[in-house]
Amino acid sequence: MTRHPRPHLVLPLALAMALLPTLAATSAAADASTTSTPLVSPSDEREYRALTLDNGLTVLLVSDAEADKAAASLNVGVGSAQDPDDLAGLAHYLEHMLFLGTEAYPQADAYQSYLSQHGGQHNAYTAAQDTNYFFSVDPDALDGTLDRFSHFFVDPLFNADRLASERQVVHSEYMARKRDAGRRHIAVLDQLLNPAHPTTRFSVGSNATLADRPEGETPLRQRVIEFYEHHYDANVMHLAVVAPQPLDELEALVRDDFAAVPDRGLTRPEISTPLVTPDELPAAAELRSLRDDRRLTFYFPIPDPDTAYRLKPASYLANLLGHEGEGSLLHVLREAGWADGLSAGAAQGDGKEAFFNVDISLTPEGAKHLDRIQASLFAAIREIRQHGMEAWRYDEQARLAEQQFRFQEHGSALGTAMRLATSLARYPLEDVNYAPYRMDGFDAERIDEWLSALQPERMLRLYSGPDVEGNQETPWFDVPWSPVAPDVGDAAPLAGLSLPESNPYIAKDLSLLEGQDEAPIQRIDSPEFDFWQKRDDSFDTPRVEWRFSLQHPGASQDAREAALSRLLAGWLQDSLNETLYPARLAGHGFEAYAHARGITLSFSGWRDGQQALIERVLNQLREGPIEAANVQRVRQRLHQEWRNAPEDALYRQAGRTLAETLIRPQWSPEALLAASESLDAEALSEFRDAFLADLHLEAMAVGNQTAEAATQQAREVARTLSPQLASTAIPELTPLRADVELPALTPDTTRDEFLVMRYLQGADRSLASQARLAVLGRLLETPFYQQLRTEQQLGYVVNAGYQPLLDAPGIGLLVQSPSTDSATIQARIDAFLAAFGERLGKLDDDALAPYRQAVHDDLLVRDPSLTARTNRLWQTLALDDGDFDRRQRLAERALKVTPEALRDLWPGLVDDAVVHITHDPGDAASDVMALKADLPPLPGGGD
């Protein structure tokens, strides 16, 4: 897999010039910095305007008339790399403090509460050299939100009475991430890097690093203010706003709200210290993984790819080393039984340097052959050096990038704002859209400069596995690790390496067809096969999304059948990996996944060439040889997933436990693992035959395709699969009613944190119940967060809100804490619910109105992509909504919810059908499968 360093956007200039004359004319003046708007794809009809305010703040405005949300993202050019030596985590701590009140809006929840009332969301993150703040909201509330948002950067309070509580929240975040595999890996890598480089330091913050200053030193609050004044400045800020309002209106809002951001004359800090010094290379280490997971990662220092983004030498090399087709490094490692995944790409750029990484997911057998895997990597690099420096390969990558840029989908307003704000900080204005796709031409000398960095003497290597003992321990993340010898002696590389041939899957017919249906239309209606199609040209892309649900009555009747369904889906993908990897590069996606009713085959990509791809997959499903090596690799991958489930984040485990309890059929990882121990190629072959012999087929196509062509394609699939069963033969997924006698449930976990999830289940599955609980969930989410996280500091992971299971409504309240036991958390939740009940008693219609409207607007939010639209419609069909108007009807119901209706349901909601999921370190796991056995179905509701 080719890994790209950042989620930007770009196109090859030579091809773009032929395609877009106006784009080429604009780019010719790029170096003169005269461009006032960015380059855009031909399908992008939004209006752009760039501004530089008098205080130096850079702004990019995007008017999108079709947007149903407004969004903004402000990127500050400072991050954890600027933390003082004696205050690790200060940049992150400051990010938290800015949300807790300003002179204009002193209440700690003023910003969040306003967003909650107006269909909004918000967050922020602190990286090594950037801190990014962002939100989305209903467009009518953009004025009020920007006003509140801008004051973060004008007059924050840094409330003295909030310092300790927010420090505890930061500490809770640190504790919640201590077991994250990625953090542990980086913690060991930092031990091998230049200790003077600022990104190698602890960056999250904790109670210890952010402790009150000793007597005689500058107080902590003053240090926070000093950091803010020394690093937060309009000149290092980049703001992007995306909204449906006209550009003149957006400009007026931004000028009014952000003109007061201080101009302190600052510039973005630069890092001049090298990531690693020559005398530290080569180096290698091994570290203990907490998960059943083995990885071998190679790092090579290279120039930051952003310094050559117009040519993309690192991307060129990543495409060749990360290739997964015949003859690739991953292919020979898979054939040997040593690896099941590989990715390559650049990461950890600091503006001058970065690392080129090759990350290999190993099998247990592969962990015994690290020396030969390393030798094989350098053999693959030699193959590129000797035979891979060819212009046609670069041109092929550039052609694919051009296609992606030409038909770039808008995405959500929030995603666009965040992407543009970060790109503004890195690229010239004209390239903020275009940079990730831009490939100006093959430059063999420049590529060779990058390739020359991939040498054994310049290598850092990390192996992580559960078998590592370690003779040292990292600070902060307590990872056992050991340095080891980096050389491999005379280890022989694997044979069979070769470079990829030209890609046969590149689409040629990219014409756009006219035709738009309001909703999917049932084109085929038979007992054995239902096919729905929606012609869709609204995204201006010649793509089509296909979904085929192969439904079998016994797919999840017991844990063994459920495991076999997953094994069959995994085998299908794995067995086609080398064959279809070029198709993936060319923009054709394929995924097979198992579910309670069977297996879904999902295809996405260009209309041109898609039929041949579907035929190839179906051929493999029906007739492909099921070989023991493939089955063993897939089973090993599934076993890893199921064995690692107890190591997942505790709040995720709580959600999984809830679904296992209240949905039938639903099997736990423990049950699937036990049932799959003896499964082999013979068992899978028998299951495939039985599975395909008794099928009901349901399909949907959405995209730029005629009804005739789609229907013909669907009939071909039906002829190949020969479905025999009516839909009535397929068991339904059934939401279950929580019993008042159901005891508190404990997840099967190895985590040492505390947790409480309280789930308040609705009385039935009617639209009326769904609407009431959706509005109620929106009403309580902000006060729950404010009281239990901000004020009571119970933990970092604290949330509440509407949480349906299928079409069964419910409200989830969750707290994950590093130090507060579950009994105390339960008592705090009890107190919150009692106080909230009193608030409901006083609630009037005017106060409820904005929350109703927010739920309504969120339900009808615009699909950001063709894939997202297809997934939504596919899920709607799974809920038996053949009219595809369920969300509209639910949105209308939400507007009719009254305070009296909420008061009426509240007593039963908090007392009757309640699920408690709790964990204290040392608790034994509950037998969920046994406890759910007698739970009855949740009533439907009749609408």
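Residue 610 in this note's numbering sits at position 493 of the sequence shown, with consecutive numbering throughout. Cβ atoms here follow ideal geometry from the backbone N, Cα and C, with glycine treated the same way. All values reported here derive from a predicted model rather than from experimental measurement.
Best match in the options for proximity to residue i [C-alpha to C-alpha]
i: residue 193; options: 967, 693, 296, 175; result: 175
i: residue 233; options: 959, 901, 1036; result: 901
i: residue 856; options: 836, 766, 264, 1028; result: 1028
i: residue 669; options: 814, 118, 357, 689; result: 814
i: residue 677; options: 753, 736, 795, 709; result: 795
i: residue 731; options: 340, 217, 693, 635; result: 693
i: residue 1033; options: 774, 443, 467; result: 774
i: residue 436; options: 457, 423, 449, 463; result: 463
i: residue 812; options: 756, 846, 798; result: 846
i: residue 208; options: 331, 289, 340; result: 340
i: residue 399; options: 432, 418, 390, 388; result: 418
i: residue 245; options: 216, 317, 287; result: 317
i: residue 294; options: 407, 1047, 925, 716; result: 407
i: residue 355; options: 546, 908, 933; result: 546
i: residue 842; options: 671, 611, 459; result: 671
i: residue 595; options: 308, 1037, 1052; result: 308
i: residue 1058; options: 228, 925, 550; result: 925
i: residue 153; options: 178, 161, 162; result: 178
i: residue 859; options: 445, 1049, 381; result: 1049
i: residue 899; options: 342, 496, 918, 614; result: 918
Reduced DSSP secondary structure (H/G/I, E/B, other) of residue i
i: residue 919; result: strand
i: residue 251; result: strand
i: residue 230; result: helix
i: residue 466; result: coil
i: residue 1058; result: coil
i: residue 769; result: helix
i: residue 428; result: coil
i: residue 861; result: coil
i: residue 1049; result: coil
i: residue 292; result: helix
i: residue 478; result: strand
i: residue 143; result: Since pLDDT at residue 143 reaches only 31, below the 50 mark, its modelled position is unreliable, and no value is offered.
i: residue 458; result: strand
i: residue 129; result: Unreliable positioning characterises residue 129 in this predicted model, as indicated by a pLDDT of 30, which lies under 50. The coordinate reading is nonetheless provided below. Residue state, collapsed to three classes: coil.
i: residue 634; result: coil
i: residue 1044; result: coil
i: residue 905; result: helix
i: residue 910; result: coil
i: residue 820; result: strand
i: residue 222; result: coil
i: residue 316; result: helix
i: residue 781; result: strand
i: residue 754; result: helix
i: residue 302; result: helix
i: residue 110; result: Outside the displayed range of the chain (118 to 1060) lies residue 110, so it cannot be described from this structure.
Residues sharing a beta bridge with residue i, DSSP
i: residue 874; result: 931, 1034
i: residue 577; result: 400, 416
i: residue 718; result: 665, 709
i: residue 960; result: None, per the DSSP bridge assignment.
i: residue 813; result: 668
i: residue 191; result: 250, 356
i: residue 240; result: 251
Closer than 9 Å to chain C by CB, residue i
i: residue 207; result: Chain labels in this structure do not include chain C; a single protein chain is all it has.
Distance cut-off 8 Å: residue i Cβ against heavy atoms of the ligand MG
i: residue 303; result: In terms of ligand content, the structure shown is empty, and the ligand MG therefore cannot be addressed.
_the region 801-820 in contact with the region 651-665 per 3-pair CB rule at 8 Å_ = yes
*the region 395-414 / the region 296-310 touching (three or more Cβ pairs under 8 Å)*: yes
*asked:* When you compare the region 826-844 with the region 684-693, are there three or more beta-carbon pairs, one atom per stretch, that lie closer than 8 Å?
replied: no
*Going along the chain, which unbroken runs of the alpha helix (DSSP H) with 4 or more residues stay wholly within the region 348-382?*
364-375
_Quick check: the region 641-648 against the region 619-631, are at least 3 beta-carbon pairs closer than 8 Å?_
No, because fewer than three Cβ pairs between the region 619-631 and the region 641-648 fall closer than 8 Å, the two stretches do not touch.
*Would you list, in sequence order, the uninterrupted alpha helix (DSSP H) runs of no fewer than 4 residues that lie entirely inside the region 489-573?*
508-523, 530-541, 561-568
*Identify every run of the beta strand (DSSP E) within the region 159-185, keeping only runs that are complete inside it and at least 3 residues long; order them along the chain.*
164-169, 175-180
*Does the pairing of the region 966-979 with the region 899-917 give three or more beta-carbon distances under 8 Å?*
no
*Fully enclosed by the region 959-994, which beta strand (DSSP E) runs are 3 residues long or longer?*
none
*Would you list, in sequence order, the uninterrupted beta strand (DSSP E) runs of no fewer than 3 residues that lie entirely inside the region 589-661?*
597-601, 638-642, 646-652
*Is the region 884-892 touching the region 1018-1025 in the sense that three or more CB pairs, one from each, lie closer than 8 Å?*
yes
*Could you say if the region 703-713 and the region 608-624 meet the contact criterion of at least three C-beta pairs nearer than 8 Å?*
yes
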